[in-house]
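Colleague: To convert, note that position 371 of the sequence shown is 358 in this note's numbering; the numbers rise steadily by one, no gaps.
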Amino acid sequence: MTRRQRLTLIAAILGSAVVSIDGSIISVALPAIQRDLGGGLSGQQWVSNAYLLALGSLILIGGSLGDIYGERRVFAAGVAAFGVLSLGCALSPTIGALIVARALQGAAGALVMPSSLAIIVAAFSPKERGAAIGSWTAWGAIAVIVGPLAGGWIVDQVSWRWIFALNVPLVVATLALILVAVPRSAGARGRRVDFLGAGLCALGLGGFVFALIEQPHYSWTSPVILVPLIGGAVSFVSFLAYERRTAEPMLKLELFARRNFAVGNAETLSMYAGLSVLFFFLVIFLQQVAGYSALRSGLTTLPVTIVMFTLSRRFGALADRHGARLFMGAGPLIAAAGILLLLRTGMDTSYLRDLLPALLVFSLGLTLTVAPLTATVLADADEHDAGIASAVNNAVARVAGLVGVSVVGVVVASTLVGDTFAANSESVRAFHQVVVICAVLVAAGGVAGALGIINPRRAVEAQRCPGGQLVGTPQPAVSQSNGGVTVSKEPMPQEV
């Protein structure tokens, strides 16, 4: 690896890590944000979901922009915008201003994530690329371990605002590395950007999510709920119809005609709805009901990330040899069993007695699943579709979390007293409802994998996939898949 390649890799790691961390670190700050700015449970949901909504709905078009205008240019623009908007989050005077800044921050992240992996693909030869992407995913996992832990300490000792402000020096360092090391890319200006598809997708998701989050404050028949709900449904159906007939779609629907690709994404949808809901509400429960500090609640999930970082590549290699079906079936069922152990939690929750056993069982099941699942999804796509297949899987995982938190929030709000978690029996009962729902969702993903997956004839090594691990975990979301490595780029080498 040359010095310039090393610096390019560091730039890609730093840029993607900042975006990934801001998707997960926010959970430890939500109770403090509520105390400072108000907003109740719906405000907490919007602070998290506004970011995920923009990132999930725009990440495919972010990859297209990189292809057309050059990954280096789009990566730099996204990183710079992310830094400015991080300052906007830090300085937000109201909950509404913070939500708007978070949405814009997510849009900037949608430019960064696809381009970060694309510049690695451009900078390294096929023989070097696997190791470079392995480093990208490994350091991304480490960053996400450190992020929430540091965030918890910052929230406890200083202020939640500093978790956003501290992005700025990382952004400046990334921009400096881009300037001196990342090679220029010409792009492909003959291609058209699917702005209409992106707009319809964002309106569809946004209307649906808005209706679900705000429903506890209105009746289902209120125009405030009905208009965005119906408008969102119409927009999303229009998005699918438009993508089917347009010459250069943002989403290639024909990929879903392939069995393993469709089943793998169905498993992703179910699992990541469950995972995102679990970790969103777990951190809130631990702080507002069980009395944990922000730092202590951040430390709670550390075993999950350590187990995943340690064992994901090993289980991916085993799935390469023995087929992914067993791993994709058994893994989610084991993870669901671990989730159900969280029913032991209450207002006097003990980490060693109630949390650690559940999280260890859960993390083992999750680790059995993530790399084989991603590899199977990519192996079922043609080589020239590897990038867009990876981007679709990324988007599915993010949308699953977005919709899952919104839907379960409606269920939880009906049980809570005063639209917020507090140290009372109603909050414990609400969290136990969350636990059961999450276990069912994760287990359903395992059933889909066990019944639907056919072990492919050709395998993709998990550590050499674009993204390496499935996105959105607590987190190796971490291994963000890339919408920027599309048909104009040389595909990742695959084993036949």
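Where is the CB? At the ideal position from N, CA and C, for every residue including glycine.
For a quick check, are the C-beta atoms of residue 24 and residue 82 less than 9 Å apart?
Modeller: Taking 9 Å as the Cβ cut-off, residue 24 and residue 82 qualify as a contacting pair.
Colleague: Within the same chain, show all residues whose beta-carbon is closer than 6 Å to that of residue 150, passing over the 5 residues directly before and after it, in chain order.
Modeller: The answer, listed in chain order, is 12, 16, 138, 141.
Colleague: Looking at the secondary structure, which residues open and close the alpha helix (DSSP H) in which residue 229 lies?
Modeller: Counting along the chain, the alpha helix (DSSP H) containing residue 229 begins and ends at 210 to 232.
Colleague: Determine the direct distance from the alpha carbon of residue 40 to that of residue 398, and round the result to whole angstroms.
Modeller: Whole-angstrom Cα-Cα distance: 20 Å.
Colleague: Starting from residue 442, trace the alpha helix (DSSP H) in both directions and tell me its first and last residue.
Modeller: Looking at the DSSP string, residue 442 is not in any alpha helix (DSSP H), and its letter there is neither H nor E.
Colleague: Which value, in whole angstroms, describes the spacing of the CA atoms of residue 386 and residue 255?
Modeller: So the two alpha carbons sit approximately 10 Å from each other.
Colleague: Using only CA atoms, which one of 332, 435, 354, 324 lies nearest to residue 425?
Modeller: Ranking the options by Cα distance to residue 425, first place goes to 324.
Colleague: Pick helix, strand or coil for residue 111, following the three-state DSSP scheme.
Modeller: DSSP places residue 111 in coil when its eight states are reduced to three.
Colleague: Report the start-end ranges of each alpha helix (DSSP H) in the region 412 to 439 that is 4 residues or longer and not cut off at the edges.
Modeller: DSSP runs (the alpha helix (DSSP H)) wholly in the region 412 to 439: 412 to 439.
Colleague: Just the C-alpha distance for residue 168 and residue -9, rounded to the nearest angstrom, thanks.
Modeller: The straight-line gap from Cα to Cα measures roughly 5 Å.
Colleague: Return the Cβ separation of residue 99 and residue 65 in integer angstroms, given the expectation that the two are a contact with Cβ distance under 8 Å.
Modeller: With a Cβ gap of about 4 Å, residue 99 and residue 65 count as contacting.
Colleague: Check each candidate in 89, 97, 250 and name the one with the smallest Cα separation from residue 434.
Modeller: That would be 250, whose Cα lies nearest to the Cα of residue 434.
Colleague: If you draw a straight line from the alpha carbon of residue 445 to that of residue 309, how long is it in whole angstroms?
Modeller: With a pLDDT of 49 at residue 445, under the threshold of 50, the modelled position of this residue cannot be trusted; read the value that follows with caution. Their backbone Cα atoms lie some 12 Å apart in a straight line.
Colleague: For residue -12, I'd like the list of residues in its chain whose CB is within less than 6 Å of its CB, leaving aside the five on either flank, ordered along the chain.
Modeller: So the list is empty, once near-sequence residues are dropped.
Colleague: Would you report the Cα separation of residue 383 and residue 429, rounded to the nearest angstrom?
Modeller: Whole-angstrom Cα-Cα distance: 15 Å.
Colleague: Tell me the rounded alpha-carbon separation between residue 76 and residue 392.
Modeller: So the two alpha carbons sit approximately 22 Å from each other.
Colleague: Is residue 390 closer than 9 Å to residue 421 when the C-beta atoms are compared?
Modeller: No.
Colleague: Starting from the N-terminal side, write out each stretch of the alpha helix (DSSP H) that is 4 residues or longer and does not extend beyond the region 257 to 313.
Modeller: Counting only runs of 4 or more, we get 281 to 287, 289 to 309.
Colleague: So for residue 491, helix, strand or coil by DSSP?
Modeller: The chain is shown only over -12 to 483; residue 491 falls outside these bounds and no answer can be derived.
Colleague: Skipping 5 residues on each side, what residues in its chain have a beta carbon closer than 8 Å to that of residue 155?
Modeller: Here the set comprises 70, 73, 74.
Colleague: Nearest-angstrom Cα distance between residue 179 and residue 55?
Modeller: When rounded, the distance between both Cα atoms is 8 Å.
Colleague: Check residue 18 in the structure and name its three-state DSSP category.
Modeller: Helix, per DSSP.
Colleague: Just how far apart, CA to CA, sit residue 62 and residue 416?
Modeller: About 45 Å.
Colleague: Rounded C-beta distance between residue 270 and residue 409? I'm assuming under 8 Å.
Modeller: Contact flag wrong, Cβ pair sits at about 15 Å.
Colleague: Compute the beta-carbon to beta-carbon distance between residue 440 and residue 245, rounded to the nearest angstrom, for a pair I have assumed lies under 8 Å.
Modeller: About 12 Å; that fails the 8 Å criterion.
Colleague: Suppose the cutoff is 6 Å on Cβ atoms and the five residues either side in sequence are ignored; what does the same chain contact list for residue 353 look like?
Modeller: 322, listed in sequence order.
Colleague: Using a Cβ-Cβ cut-off of 6 Å (strictly less than) and excluding sequence neighbours within five positions of residue 316, which residues of its own chain qualify?
Modeller: Answer for residue 316: 433, 436, 437, listed in chain order.
Colleague: By DSSP, does residue 181 sit in helix, in strand, or in coil?
Modeller: Three-state result, residue 181: coil.
Colleague: What is the residue span of the alpha helix (DSSP H) that residue 80 lies within?
Modeller: Residue 80 -> no alpha helix (DSSP H), and no H or E assigned at all.
Colleague: Around the Cβ of residue 89, are there at least 16 other Cβ atoms within 10 angstroms (buried) or fewer (exposed)?
Modeller: Looking at its Cβ environment, which holds 16 or more other Cβ atoms inside 10 Å, residue 89 is buried.
Colleague: Could you work out which residue in 339, 329, 342 is closest to residue 419 when comparing CA atoms only?
Modeller: The residue with the shortest Cα to Cα distance from residue 419 is 329.
Colleague: Would you mind stating whether residue 130 and residue 0 have Cβ atoms separated by less than 9 Å?
Modeller: It is a contact, given that the beta carbons lie within the stated cut-off.
Colleague: Could you say if the region 183 to 199 and the region 230 to 245 meet the contact criterion of at least three C-beta pairs nearer than 8 Å?
Modeller: Cβ pair count under 8 Å is three or more, so yes.
Colleague: So, under 8 Å CB-CB, residue 367 and residue 247 are touching, yes? Tell me the CB distance rounded to an integer number of Å.
Modeller: Yes, they are in contact, since the Cβ atoms of residue 367 and residue 247 sit about 4 Å apart, within 8 Å.
Colleague: Below 9 Å between beta carbons: does that hold for residue 268 and residue 359?
Modeller: Contact flag unset, no.
Colleague: Taking the straight line between their C-alpha atoms, what separation do you get for residue 33 and residue 284?
Modeller: One C-alpha to the other measures close to 21 Å.
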